[in-house]
Amino acid sequence: MQINLTGRHVDITDSLKDYVDSKFSKLERHFDHINNIHVILNVEKLLQVAEAKIQLSGGEIFAVHEHNDMYAAIDGLMDKLDRQVIKHKEKLIRH
Numbered sequence: 002m003q004i005n006l007t008g009r010h011v012d013i014t015d016s017l018k019d020y021v022d023s024k025f026s027k028l029e030r031h032f033d034h035i036n037n038i039h040v041i042l043n044v045e046k047l048l049q050v051a052e053a054k055i056q057l058s059g060g061e062i063f064a065v066h067e068h069n070d071m072y073a074a075i076d077g078l079m080d081k082l083d084r085q086v087i088k089h090k091e092k093l094i095r096h
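Per my numbering, residue 2 is the first one in the sequence shown, and the count goes up by one each step.
As structure tokens, then:
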């Protein structure tokens, strides 16, 4: 699993990168056919925005989450992605 991390109007610190890596490693527990992840962290005035596009075998998943705190935005993004990955996995099992 390859994680590409991009920062728009924000510096990607080592702690931020480690936080993203640790959170996304948990996604692999649910579905191990994740090929590539592109994460974009963006600051728009007072809002911190985290978005990600995940390329899976059999599809692609995209989610965005906004919050006042970047770490909370990443947590919210992970909740959304987690639900979508589980839904995708269940869809593959049914077919």
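Even for Gly, the Cβ is constructed at its ideal location relative to N, Cα and C.
Owing to the predicted nature of the structure, the values given are computational and were not obtained by experimental measurement.
Just to confirm my understanding: we take residue i, look at its own chain, exclude 5 residues before and 5 after, and list those with CB closer than 6 Å. What are they?
{"i": "Val-141", "result": "No answer is possible for residue 141: the residues shown for the chain start at 2 and end at 96."}
{"i": "Phe-32", "result": "Val-86 and Lys-90"}
Taking the straight line between their C-alpha atoms, what separation do you get for residue i and residue j?
{"i": "Val-11", "j": "Asn-43", "result": "6 Å"}
{"i": "Arg-30", "j": "Glu-45", "result": "32 Å"}
{"i": "Asp-22", "j": "Leu-6", "result": "9 Å"}
Enumerate in chain order the residues of its own chain whose CB-to-CB distance from residue i is below 7 Å, with the five nearest sequence positions on each side excluded.
{"i": "Leu-82", "result": "Leu-28, Ala-53, Ile-55, Ile-62 and Ala-64"}
Pull up the CB-CB distance for residue i and residue j, whole angstroms please, since I reckon it's below 8 Å.
{"i": "Leu-57", "j": "Ile-41", "result": "At roughly 18 Å, the Cβ-Cβ gap does not stay under 8 Å, so Leu-57 and Ile-41 are not in contact."}
{"i": "Ile-75", "j": "Lys-24", "result": "6 Å"}
{"i": "Leu-38", "j": "Ile-4", "result": "First, the residue type needs correcting, since residue 38 is Ile and not Leu in the sequence shown. 5 Å between Cβ atoms; contact."}
By Cβ distance, which residues of its chain are closer than 8 Å to residue i, with the 5 residues on each side in sequence left out?
{"i": "Asn-69", "result": "Leu-47, Leu-48 and Gln-49"}
Can you give, in chain order, each stretch of the beta strand (DSSP E) that sits fully within the segment 13-66 and has at least 3 residues?
-> 35-45 and 48-57
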